[in-house]
Structure formats: structure tokens, C-alpha cells
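Inspection log for the structure reproduced underneath, given as C-alpha cells.
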Amino acid sequence: MNYQTLLNNAVNKLKSNSIINPGLDSELLLSKVLHTTREKLLLNLAKKTTSQEKKKFDLVIEKRSRKKPLAYILGNKEFWKTNFVVNDSVLIPRPDTEILVEEALNHIKVDRQYQILDIGTGSGCILISVLKDRKKSKGIGIDISKNAIHNAKTNAKIQQLENRIKFIHSDIDKFYSNKYDLILSNPPYISKLNLRFLSEDIRNYEPVLALDGGYDGYSKIINVIEKSSKLIKIKGKLILEIGFGQLNKSMKVLRQNGFYINKVSKDLAGINRCIISTKIWIMRNYKNNHRRSRFRHNGDRNFRRNGSHHKLNSDFSNGSDFKRKNPGKNNQNASKLIEKYTELAREALSNGDKILSENYLQHADHFSRISEQQNGNKIIEKNTDKKVEDFSKSESSTEKDLSNLV
Ligand SMILES: C[S@@+](CC[C@H](N)C(=O)[O-])C[C@H]1O[C@@H](n2cnc3c(N)ncnc32)[C@H](O)[C@@H]1O
4 MNYQTLLNNA VNKLKSNSII NPGLDSELLL SKVLHTTREK LLLNLAKKTT
54 SQEKKKFDLV IEKRSRKKPL AYILGNKEFW KTNFVVNDSV LIPRPDTEIL
104 VEEALNHIKV DRQYQILDIG TGSGCILISV LKDRKKSKGI GIDISKNAIH
154 NAKTNAKIQQ LENRIKFIHS DIDKFYSNKY DLILSNPPYI SKLNLRFLSE
204 DIRNYEPVLA LDGGYDGYSK IINVIEKSSK LIKIKGKLIL EIGFGQLNKS
254 MKVLRQNGFY INKVSKDLAG INRCIISTKI WIMRNYKNNH RRSRFRHNGD
304 RNFRRNGSHH KLNSDFSNGS DFKRKNPGKN NQNASKLIEK YTELAREALS
354 NGDKILSENY LQHADHFSRI SEQQNGNKII EKNTDKKVED FSKSESSTEK
404 DLSNLV
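The sequence shown begins at 4 in our numbering and counts up by one.
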């Protein structure tokens with residue numbers, strides 16, 4: 004029997020088992036058995052096969068006809084610009100996920116060193132693809148599956164990235180680490196109910212850990228967002244893959260965790276697939292900190308609460324150490340600066356630059372603290388509070404406007 008006849012028989016068997024690309028699959032599987040390329044095989048179709056080759060080929064065709072994914076039989080899958088080693092402990096890298104890589108590369112400057120975290124790294128395909136193109140950056144990939152981490156390490160070794168990449172076996176809930184400039188994640192996002200409607204090749208062969216997103220499909224997405232909010236630097240980016248119909252709730256959770264939505268990218272089928280967001284310094288912190296610091300410095304109110312008011316209050320009013328040396332000094336400057344920075348924040352926000360706006364607000368906060376420490380001037384506090392409140396109102400409407408655009 005020659006290779007052509009062997010292939011014809013395989014195609015018939017795969018067709019009768021409803022395999023979608025029987026011709027291509029048969030050629031790729033025979034090339035693997037013969038340790039050759041598909042191109043070379045096609046140039047030698049008239050060549051006679053040995054009985055051992057036939058036996059091996061029949062075995063892999065049998066596996067494929069039982070719907071085992073081609074990538075698991077071949078042991079590799081092309082993703083972005085690299086051929087990744089895969090086994091059945093990792094999700095087979097999907098073309099949709101290449102959008103996440105593309106967006107990550109758009110945000111990493113070639114000449115800067117970024118610290119990147121990949122949550123639920125699987126085969127390591129996302130992180131490895133990014134680090135291969137951004138040679139100054141470094142990354143950590145974590146996964147709850149020990150076998151997945153082993154697979155990812157193999158890929159890092161093949162791609163000679165071991166000095167810039169670390170793969171750690173860890174549950175996201177138990178991972179504590181430094182702050183990252185960029186967090187990438189393609190979490191499991193299929194609802195338990197929908198798992199059983201997946202095609203047979205996915206349902207029976209891909210790891211359930213990589214697919215199962217809990218009862219409503221959001222449990223891992225929410226997990227990743229909440230944890231990222233703690234692991235990311237202010238102004239750091241979170242690039243998150245989501246499933247069909249998961250955009251609105253995911254954006255809501257992102258906002259609740261202090262992320263500003265920069266962009267939503269669609270996949271080739273036009274489905275919202277990837278959310279790019281920035282961790283911002285949120286207004287709530289500004290207001291809370293501001294109030295807290297006011298309270299801290301208001302000895303009178305503070306001490307009255309614990310019943311030591313009289314004694315301590317008299318210490319404050321009589322002790323010369325507590326008296327200001329230059330009462331009134333810098334009041335005017337601080338007041339003007341608070342006003343100036345609040346105004347700049349408002350202007351930046353109206354130009355759509357929320358990060359710059361948050362930055363200006365931090366400056367305003369800084370000067371309001373200085374002002375309080377120097378003279379406890381209630382008028383400045385009142386004014387600042389009013390400004391913050393006004394700003395807060397305008398911010399929520401602008402954020403609504405911006406979110407409507409997405
Ligand atoms: C959808 S797969 C993504 C794999 C790979 N990043 C990719 O895009 O091809 C999700 C991965 O998250 C991992 N995972 C699930 N729960 C996790 C958890 N609690 N902590 C860390 N990783 C988890 C799974 O083992 C799986 O490898």
C-alpha cells in the first residue's frame with residue numbers, strides 16, 4: 004500500500020465520524036508518524052508504506068475519529084508566531100486569544116521593562132508570545148494546575164525565555180506578590196450549565212479546570228478582577244478575555260474595583276472578546292482619605308469620643324508645643340493650589356483623560372493635607388469638600404458618558 008491509499012482510507016474513516024477537516028487532519032497526522040513535513044509527504048505519495056508506519060497511523064486515525072483534538076495528538080499548536088507544545092492538561096490555544104496578545108503588545112513599549120503577570124497561564128502561550136516580542140520585559144505566569152505549569156515551563160525552555168519568565172503553581176486566591184505594570188488573563192468563563200453543550204472534542208478532552216467559570220460563568224472573571232486590583236500598580240493595565248455576552252457585567256465589576264475601561268476589542272466573529280482597562284486612583288479613596296485625615300487631626304472630636312476630652316483637650320490648648328509658629332502662613336497658597344489642581348482635574352476629565360485627572364486630584368489632596376496640618380483651617384476644608392463633591396458629581400456623569408461610548 005502507498006501513502007496515497009493510506010491517506011484515502013483515513014479520510015473515509017474520519018468523514019464517516021463527522022470530522023470537519025478529514026483531508027488536512029490525515030495529512031498532518033501521517034506527516035507526524037513519518038517524522039516529515041506535510042510538503043515532503045505530498046511530494047512522495049506514491050511511495051510504499053511499511054507495516055509499522057501503517058500500524059502507527061491507524062492508531063492515531065482511530066484517536067482522531069473518536070474526536071480527540073488534533074493538537075493533542077500532534078502534541079503542538081500554532082499560536083501567534085510560535086508553535087507551542089500542548090498536552091491534555093492545558094487548554095488548546097485559540098485564535099481569539101491572539102487579540103489579547105496584540106493588545107498587550109500595543110501597550111508595552113519596546114524599550115521599557117514591564118513586570119507582567121499572566122493569571123491562568125495554561126500552556127504559557129500568552130505570556131511567552133508577549134515576552135518574545137518585548138525583550139526588555141519580564142513575566143510570571145501562574146496556574147492552579149501543576150501539569151499546566153509543567154507544560155508552560157517546557158515551552159519557556161524551548162523558546163529560551165527561562166531568564167525572563169517564571170511559571171508558578173498557585174491558585175489565584177493564594178498568590179501574593181509585588182505590583183505589576185500589566186496583568187493578562189484568559190480565565191475560564193463558561194457557565195456550568197453550558198459546559199455540557201460544548202462540542203464533543205472540547206467537552207471530552209480539554210481540562211474542565213480551564214473551562215468551568217462557575218454557575219453563571221463569572222466566578223473566575225470576578226476572581227481575576229478583584230485579585231488584579233490588588234496586584235496591579237496605579238495606572239497599570241489589565242487585559243482580560245471574556246466570553247460571549249459577558250461584557251456589561253465584566254465592565255461593571257472592573258469599575259467597582261477601580262478600573263477605567265479603555266477599550267473593548269472584538270474577535271474575528273465580531274464578538275466582544277477582550278477588555279483593556281487601567282487601574283486608577285479612585286475618587287472614593289480621595290474622599291475617604293480626606294475625611295480620615297480630617298478626623299485624625301481633629302483632636303477635639305476624637306477625644307470627646309473616648310471620654311478623655313477634658314484632660315487631653317486642655318493639654319492641646321495649653322501646651323506651647325502644639326501652638327503653630329506662623330499662624331496663617333501658606334493658607335492662601337494652599338487654598339489656591341487646591342483650587343488650581345481641582346480645576347485642572349476637571350479640565351483633564353472633560354478632555355477624556357481620566358488618569359491625568361486623577362493625578363491632579365492627588366495633588367489637590369496633598370495640598371489640602373498640608374493646609375490642614377499647618378492651620379486646621381476649616382474654611383479651606385469646607386471649600387475643598389464642596390469642590391470634591393461637585394467634582395464627584397461631574398465625574399460620575401462623565402464616566403457614564405464615556406461608558407456609553409464603549
Ligand atoms: C481558559 S484557560 C487559559 C489558558 C491559557 N492562558 C490560554 O489562553 O490558552 C484558564 C486557565 O486558568 C487556570 N485556572 C483555573 N482556575 C484557576 C485559579 N483559581 N487560579 C489559577 N489558575 C486557574 C486553568 O488551569 C487554565 O489553565
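Ideal Cβ placement from N, Cα and C applies to all residues, glycine included.
Quick caveat, the model's predicted, so the values are computed rather than measured.
The nearest non-hydrogen atom of ligand 1 is 7 Å or more from the C-beta of residue 194. When DSSP states are grouped into helix, strand and coil, residue 41 belongs to the helix group. Between residue 228 and residue 260, the C-beta gap is smaller than 8 Å, which places the two residues in contact.
Under the 8 Å Cβ criterion, the stretch 137 to 147 does not count as touching the stretch 71 to 87, having fewer than three qualifying pairs. Residue 107 and residue 133 have their C-alpha atoms some 7 Å from each other. Judged by the Cβ position, residue 174 qualifies as a neighbour of ligand 1 at the 7 Å threshold, a heavy atom of the ligand being closer than this. The beta carbon of residue 29 lies closer than 6 Å to those of 10, 13, 14 in the same chain, with the five residues before and after it left out. Contact between residue 240 and residue 196 fails: their C-beta atoms lie close to 32 Å from each other, not under 8 Å. A distance below 8 Å separates the beta carbons of residue 253 and residue 224. Contact between residue 170 and residue 123 fails: their C-beta atoms lie close to 12 Å from each other, not under 8 Å. By the beta-carbon neighbour count (other beta carbons within 10 angstroms, threshold 16), residue 200 is exposed.
Taking the CA atoms as reference points, residue 91 sits about 29 Å from residue 268.
When DSSP states are grouped into helix, strand and coil, residue 136 belongs to the helix group. According to the DSSP secondary-structure assignment, residue 118 is paired through a beta bridge with 141. Cβ-Cβ distances below 8 Å link residue 45 to 30 in the same chain, with the five nearest sequence neighbours on each side left out; the list follows chain order. Taking residue 101 as the centre and dropping the five residues before and after it, the same chain places the C-beta of 83 closer than 6 Å to its C-beta, in chain order. Residue 270 has its Cβ no nearer than 7 Å to any heavy atom of ligand 1. Shortest gap from the CB of residue 156 to any heavy atom of ligand 1: 7 Å or more. CA-CA distance, residue 189 to residue 176, rounds to 16 Å. Taken through DSSP and simplified to helix, strand or coil, residue 200 comes out as coil. Between ligand 1 and residue 104, a heavy atom-to-CB distance of less than 7 Å is absent. In the three-state reduction of the DSSP assignment, residue 236 falls in the strand class, which pools E and B.
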